[in-house]
Amino acid sequence: MKYVDVILPLPLEGTFTYAVPAAMQSKAVAGVRVLVPLGKTKTYTALVLRQHDSKPDFDVRDIYAVLDDEPVLLSTQFSLWQWIADYYMAPLGDVYKAALPAGLKAEDGYRPRTELYVKLAEPLRHEHALHVALSTFGRAARQQQVFMEYLAMSHWDTLEGDATAEEVEEITRDELMNTTHCTAAVIKSLTERKFLVAYQREVGRLNRGGEPHPENIKRLNEAQQDAYNHILLQSMSKNVVLLHGVTSSGKTEIYIHLIAKALQEHRQVLYLLPEIALTVQITSRLQRVFGSRLGIYHSKYSDAERVEIWKKQLSPHPYDIILGARSAVFLPFRQLGLVIVDEEHETSFKQEEPAPRYHARSAAIMLARLSGAKTVLGTATPSMESYHNAMTGKYGYVQLSTRYKGISLPQIQVVDIKDLQRRKLMSGPFSPQLLAAVREALGQQRQVILFQNRRGFAPMLECKVCGWVPKCKNCDVSLTYHKNLNQLTCHYCGFTYQVPAACPNCGNTDLTGRGYGTEKIEDYIRDLIPEARVARMDLDTTRTRQAYERLISDFAEGRTNVLIGTQMISKGLDFDRVSVVGILNADSMLNYPDFRAYEHAFMMMSQVSGRAGRRGKRGLVMLQTKNPDLAVIRQVVGHDYEGFYNELMEERRLFRYPPFYHLVYVYLKHSKDSLVETAGIMMGSQLRQWFGARVLGPDKPAVARVKSMNIRKIVLKLENGLDRAAVRQYLRQARQLLMQDKRFAALQVYYDVDPQ
Ligand code: ADP
Ligand code: ZN
Ligand code: ZN
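Each residue of the sequence shown is one higher than the one before, counting from 0 in numbering that gives the first Met the number 0.
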């Protein structure tokens, strides 16, 4: 008897074993999907991890069916899944769920799109037979005409003797109808009379990028060429190289050269980006050179499209280059030679919710290692971790400190809004200086980017009389006011509420919005500068891929000239005519209660500044803050990454944070607060027995209730050099011990490893 160990798409640890009926043995191999029973009634699409002969010591059930002729998963992918499940302490089933497009998980989820084709009937595929047939049309002139046209279009008419079907063009019924202007009825009679045969054929949904144009590769300038050479040189001894190049230094052009080299060596390339908005721009830059050798993969593609790309990567003619966001690390590659992680500092590479809470940068490095490929991390503002790895020699390091064409980095002007507010000189969120700069830029036919890291209209609504603030009933947060939708929304659980007509507390009808979201900024600009053509890019305006593409192309082509946005606009976008960038409120980023607040704020401000003056004149950045004297503001203004890094490293060492320590957060969630309180205390003392003072908490996090679940958080600070596999073993054990307590049956316990 043969058995298979399979992965189920459920949040369960480990694998499950089933027996394989004899007839299925040759097909139920590693990497194929099988249908299996679970419990009394359930059926799941499971994935075979391996086939073996060792009978388990429990009753095993048979698999129902094998769904694939060929594996849909390669062995390196399995290894990556296992690494992710182990390192991030996530159930393997959750990795399976995250990795595979839904259409590959359900046996009937993916229906290939088909199109109706017509072809010459088999008996007529001979010159003589065809002549005989043509003489039988008689008075059916229209049918004959259409049939003759078909023969011409398909080239059957130029073939001699026993022609084969391979030599002719395939013609769709619609093409034939369009060319001959005939009705479907005419073609139907031709098929009924057995001249033509109609058949369905699967058609690709994938975009075709056209022919590659290697001549479109730009020549690197001296600094770029130097960086390129150094990357190759360092790759000989290091698996990972950090390319630290200021904004607009031409890193993307260097990647293009690296990609071209990999393709010459018949290797594939994975190019990861943190933000879907960015894929739009990079796609057109890559397509100009690599044409249809480029495939794109991210969550805004339909599931059917993702299934198709997945299958293409397994076919004999895969894309040579995949450009994608986080989830693209899960695609199959047979010949991976190079992984590029662009904007490597971006925290959106880390998946927060749901499990697996993996970091795509780490996963990409691991994938490269498993595939024998090299990784290039690129950014203007390296993450603390990567820079530290580069400085200690674990990674290679290549620096590029001049902008392409020698344009200076933008001038950053700090505007003290505390003083201006006191003197009542602000127009809402705008200082007079910023407004003047915006007006001047628009007057000179230039463009403006305004950055505000809050979406919606106002982060909260408040009663002017009694101070009442509407809160979410499921979460411990105030609601965001969305004026366009005229509703209040919880940004934690997504729940929406009607805007109350009056304060439920005191009856006052004067409810005002406090703070500024992107929507309100947009209103202000329309009001203050009516001639501006404003666009807004945030989560609310980019629900579809088309919406992204339109926002970006409108701005790139000048149909809009003021782009307002959240962190989405800070990441690597390249526009020609942006001369002014406004950072409306630096303080909201700096006041965030997290040890990474300054790191994030520095990177966000440096990145968004980098959107200014990329071509032609030097750009101007107006940075509005109430804390102009903070060191981090000075460091942003001075483009002083090293200063920022060195200062923050001191703090990190002192307070035991990464990169000197690894962090693991333990989250406990339960609908009952007293229960989660008890569980947190028990878990904390258990962990303290093993890890001592490395354990902090349990504490209530800043938002202590989300989606009706009360939360406790325990922090583990683990010094480098600790056996991390052993640590994970202890952590799993701690959870098991806790879950044995019947009271905690509904308790959720999970880990966030390397939280961002
Ligand atoms: P980065 O990725 O470092 O921000 P980009 O690669 O986007 O920089 O380059 C900035 C701009 O300069 C882009 O518009 C790019 O097309 C242009 N550029 C960079 N290098 C070259 C080159 N070698 N030849 C022509 N144009 C270049
Ligand atoms: Zn009130
Ligand atoms: Zn909520």
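Just so you know, even glycine gets a beta-carbon here, dropped at the ideal spot from N, CA and C.
(message) Just to confirm my understanding: we take TYR523, look at its own chain, exclude 5 residues before and 5 after, and list those with CB closer than 6 Å. What are they?
(response) When the five nearest sequence neighbours on each side are left out, the beta carbons in the same chain lying within less than 6 Å of the beta carbon of TYR523 are those of GLY427, in order along the chain.
(message) Does TYR198 come out as helix, strand or coil in the three-state DSSP assignment?
(response) The answer is strand: DSSP assigns TYR198 an E or B state.
(request) Give a yes or no on whether the C-beta atoms belonging to GLU247 and VAL240 are separated by under 7 Å. (result) At residue 247 the sequence reads Ser, which differs from the Glu that was named. The Cβ atoms of SER247 and VAL240 lie no closer than 7 Å to each other.
(request) Just confirm the distance between the C-beta atoms of LYS237 and ARG544, as a whole number of angstroms; I'd bet it's less than 8 Å. (result) Contact annotation, LYS237 with ARG544: C-beta distance approximately 36 Å; criterion of less than 8 Å not satisfied.
(message) Measuring only the C-alpha atoms, how far is ARG711 from ALA745?
(response) The straight-line gap from Cα to Cα measures roughly 15 Å.
(request) Return helix, strand or coil for ALA703, following the three-state DSSP convention. (result) Taken through DSSP and simplified to helix, strand or coil, ALA703 comes out as coil.
(request) Could you tell me which of ARG32, VAL59 and SER53 sits nearest to TYR17, measuring between CA atoms? (result) Among ARG32, VAL59 and SER53, the Cα nearest to that of TYR17 is on VAL59.
(request) State the DSSP-derived secondary structure class of PRO754, mapped to helix, strand or coil. (result) In this structure, DSSP gives PRO754 a state outside helix and strand, which the three-state scheme calls coil.
(message) Could you tell me the alpha carbon to alpha carbon distance between ARG438 and ILE528, rounded to whole angstroms?
(response) Each residue's Cα considered, the two are about 8 Å apart.
(request) Look at the alpha carbon of LEU231 and the alpha carbon of TYR254, and state the distance between them as a whole number of angstroms. (result) The straight-line gap separating the alpha-carbon atoms of LEU231 and TYR254 is approximately 12 Å.
(message) Give me the residue from VAL702, ARG651, TYR43 and ALA276 with the minimum Cα distance to GLY92.
(response) Ranking the options by Cα distance to GLY92, first place goes to TYR43.
(message) If contacts are defined as beta-carbon pairs under 8 Å, then ILE320 and LEU285 qualify, I think. What distance do you get, rounded to the angstrom?
(response) Rounded, the Cβ-Cβ distance is 7 Å, consistent with contact.
(message) With a threshold of 6 Å (Cβ to nearest heavy atom), would CYS471 be considered close to ligand 3?
(response) It does: the Cβ of CYS471 is within 6 Å (strictly closer) of some heavy atom of ligand 3.
(message) Tell me whether CYS489, by its Cβ, gets closer than 6 Å to a heavy atom of ligand 3.
(response) The answer is yes for CYS489.
(message) Let me check understanding here. Comparing Cα to Cα, which of ARG325, TYR386 and ILE416 lies closest to ALA362?
(response) Nearest to ALA362 by C-alpha distance, out of ARG325, TYR386 and ILE416, is ARG325.
(request) Measure from the alpha carbon of HIS316 to the alpha carbon of each residue in LEU322, ALA327 and PRO331, then state which is nearest. (result) Checking every option, the nearest Cα to that of HIS316 belongs to PRO331.
(message) Excluding the 5 residues flanking CYS474 on each side, which residues of the same chain have their C-beta closer than 7 Å to its C-beta?
(response) So the list reads CYS489, TYR491, CYS492, VAL702, ARG704, VAL705 and LYS706, once near-sequence residues are dropped.
(request) Within the same chain, show all residues whose beta-carbon is closer than 6 Å to that of ARG576, passing over the 5 residues directly before and after it, in chain order. (result) Contacts found: ARG445 and GLN446.
(message) Quick check on DSSP: helix, strand or coil for ILE528?
(response) It is coil, neither helix nor strand.
(message) Can you tell me where the alpha helix (DSSP H) holding HIS127 begins and where it ends?
(response) Looking at the DSSP string, the run of the alpha helix (DSSP H) that includes HIS127 is 126-133.
(message) What does the Cβ neighbour count give for LYS668, buried or exposed, with the cut at 16 atoms within 10 Å?
(response) Buried, since its Cβ has 16 or more Cβ neighbours within 10 Å.
(request) Determine the contact status of ILE563 and ILE520, defining contact as a CB-CB distance below 7 Å. (result) Yes, the Cβ-Cβ distance between ILE563 and ILE520 is below 7 Å.
(message) Classify ASP628: buried if its beta carbon has 16 or more other beta carbons within 10 angstroms, exposed otherwise.
(response) ASP628 comes out exposed.
(message) Quick check: GLU343 and SER283, are their CB atoms within less than 7 Å of each other?
(response) Against a cut-off of 7 Å, the Cβ pair of SER283 and GLU343 comes out as no contact.
(request) Run the CB neighbour count on PHE654, radius 10 Å, all protein chains shown included, and call it buried at 16 or more, exposed below. (result) PHE654 should be labelled exposed.
(request) Check whether the Cβ of GLU274 lies closer than 6 Å to any heavy atom of ligand 1, and answer yes or no. (result) Flag unset: Cβ of GLU274 not near ligand 1.
(message) Looking at the secondary structure, which residues open and close the alpha helix (DSSP H) in which TYR664 lies?
(response) Following the DSSP letters along the chain, one finds TYR664 in no alpha helix (DSSP H) but inside the beta strand (DSSP E) bounded by residues 660-669.
(message) Would LEU73 pass as an interface residue toward chain D - the criterion being a Cβ-Cβ separation below 7 Å?
(response) Among the chains in the structure shown there is no chain D, since it carries only a single protein chain.
(request) Under 7 Å Cβ to Cβ from TYR403, same chain only, skipping five residues before and after it: list those, please. (result) Only ASN220, SER247, SER248 and GLY249 meet the Cβ criterion.
(message) Let me confirm a value: PRO503 is counted as buried when at least 16 other C-beta atoms fall within 10 Å, else exposed. Which label applies?
(response) Counting the other CB atoms within 10 Å of its CB gives PRO503 a total below 16, which places it among the exposed residues.
(message) Within a Cβ cutoff of 6 Å, which residues of the same chain sit near ARG535, ignoring the five residues on either side of it in sequence?
(response) For ARG535, where only same-chain residues beyond five positions count, the Cβ hits under 6 Å are THR517, GLU521 and ILE563.
(message) For the structure I just gave you, are there three or more beta carbon pairs, one from the stretch 150-157 and one from the stretch 208-215, closer than 8 Å?
(response) The stretch 150-157, when compared against the stretch 208-215, does not touch it at the 8 Å Cβ threshold.
(request) Starting from ASP4, trace the beta strand (DSSP E) both ways and give me its first and last residue. (result) For ASP4, the uninterrupted beta strand (DSSP E) segment begins and ends at 1-6.
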